[in-house]
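*Asks:* The numbering of the sequence shown is the UniProt record's numbering, which starts it at 340 and goes up by one.
We put the beta carbon where it would ideally sit given N, CA and C, even for glycine.
Sending over a structure as structure tokens; questions will come in a sec.
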Amino acid sequence: AAPLVVAVSTAISAKKGLLIRNRTNFENARKINAVVFDKTGTLTEGQFGITDIKVMKGFEEDRLITYAASVESQSEHPIAKGIVKEAAKRKLPLKKISDFQSITGKGLQATVEGSAIMVVSPGYVKENDISYDTSNFDDWSREGKTVVFVLIDKEIAGMIALADIVRETAKNAVSDLKKLGIESIMLTGDNHQVAEYVGKQIGIDKVYAEVLPHQKSEKITEIMNTGRKVAMTGDGVNDAPALAKADLGIAIGTGTDVAIETADVILVKSNPQDVVNIIQLSKVTYRKMV
Ligand code: ADP
Ligand code: MG
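Next up, the structure:
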């Protein structure tokens with residue numbers, strides 16, 4: 340009778356918008372006791388908009404946005420989309436770029452009109468001992484905004500703050516998981532303050548921030564090594580190795596192709612609360628099996 344139950348449950352799940360790609364791992368979903376979530380695009384909508392801009396002395400705002408957007412036009416990252424959108428809003432035509440290079444988990448660089456343009460994370464700036472007035476950065480970070488630095492010929496030309504929207508459904512997911520005795524953990528490449536801010540809003544149990552892409556899967560292994568059964572939920576290219584590593588990999592439906600192709604289950608409605616539904620459906624489906 341078991342295969343029939345499984346078939347029925349697969350049909351039910353499809354109707355609910357849960358696409359099961361790996362039956363074996365779905366079966367094990369009932370044993371999950373820790374759920375790891377990526378932040379941007381998973382716990383949040385992943386729709387960044389620019390909220391604040393600080394232009395350093397000797398530079399000009401529209402030029403800063405033009406250069407940053409020209410470089411970011413090569414990226415699929417939510418930050419990139421936010422900056423490109425701003426240039427379009429200001430009707431700033433993008434420049435031709437060359438020597439484009441992505442700095443994994445830290446930003447991008449390219450040559451624009453003979454200048455070396457970089458759009459990078461606070462972590463990159465810190466690592467390279469580039470000093471700046473931290474007052475704006477601290478204020479914006481405390482407000483939960485993601486900040487990127489624009490460097491022109493290795494000099495900080497400006498800072499751009501971007502804000503995202505927390506998914507209401509993420510709060511419900513975390514509180515439902517708690518009721519089931521399942522721990523919720525955030526894993527993000529973003530800055531500590533931003534991560535803590537979002538984590539607090541959602542009521543998540545634990546936050547790991549400033550995690551580089553290759554460290555995401557290492558973190559999953561680390562959590563699994565504490566004896567826990569771990570689900571990883573993510574949307575980005577950066578999340579794919581972690582999705583593959585976890586006992587159960589869950590991709591957000593609007594996520595990148597790589598994440599979707601790597602995951603065991605796809606949340607067609609991009610609703611984090613469906614993570615709870617998967618675990619419960621697995622419990623119901625395999626209840627009578629050993
Ligand atoms: P997340 O885990 O939130 O998806 P990522 O690992 O993709 O974060 O990115 C980590 C950080 O690297 C970002 O917060 C940002 O500072 C920087 N970064 C990544 N991609 C870009 C980009 N296209 N432009 C500027 N900064 C970027
Ligand atoms: Mg993401």
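1) Have a look at residue 630 and F439 and give me their C-alpha separation to the nearest angstrom.
2) Leaving aside the five residues before and after G588 along the sequence, list all residues of the same chain whose C-beta is less than 7 Å from its C-beta, in chain order.
3) Less than 8 Å between the CB of S441 and some heavy atom of the ligand ADP, yes or no?
4) Assuming A408 contacts L382 under a Cβ cut-off of 8 Å, what Cβ separation, rounded to an integer in Å, is found between them?
5) Using alpha carbons as the reference points, say which of F387, G594, N511, I495 lies closest to N396.
6) Just to confirm, does E411 get its C-beta within under 8 Å of one of the non-hydrogen atoms of the ligand ADP?
7) Would you call the stretch 495 to 514 and the stretch 349 to 357 touching, i.e. three or more CB-CB distances under 8 Å?
8) Exposed or buried, what is S437 when buried is set at 16 or more other beta-carbons lying within 10 Å of its beta-carbon?
9) Just checking A419 against the ligand ADP - is the residue's beta carbon closer than 8 Å to any of the ligand's heavy atoms?
10) Does the ligand MG have even one heavy atom less than 8 Å from the beta-carbon of D603?
11) Can you tell me which of the three DSSP states A340 falls into?
*Replies:* Put simply:
1) Because the chain is modelled from 340 through 629, residue 630 falls outside the range shown and cannot be assessed.
2) Taking C-beta separations shorter than 7 Å and ignoring five residues to either side along the sequence, the partners of G588 in its chain run M571, L582, T601, A602, D603, following chain order.
3) Yes, the ligand ADP has a heavy atom inside 8 Å of this Cβ.
4) Wrong, their Cβ atoms sit about 26 Å apart, outside the cutoff.
5) Strictly speaking, residue 396 in this sequence is Lys, with Asn absent from that position. When only C-alpha atoms are compared, the closest one is I495.
6) The answer is yes for E411.
7) Judged by pairs of C-beta atoms under 8 Å, the stretch 495 to 514 does not touch the stretch 349 to 357, as fewer than three such pairs exist.
8) Classification for S437: exposed.
9) With a threshold of 8 Å, the Cβ atom of A419 counts as near the ligand ADP, since some heavy atom of the ligand is closer than that.
10) In this structure, the C-beta of D603 stays at least 8 Å away from each heavy atom of the ligand MG.
11) In this predicted model, A340 has a pLDDT of only 48, less than 50, meaning its place in the structure is not dependable; the value taken from the coordinates is given anyway. It is coil, neither helix nor strand.
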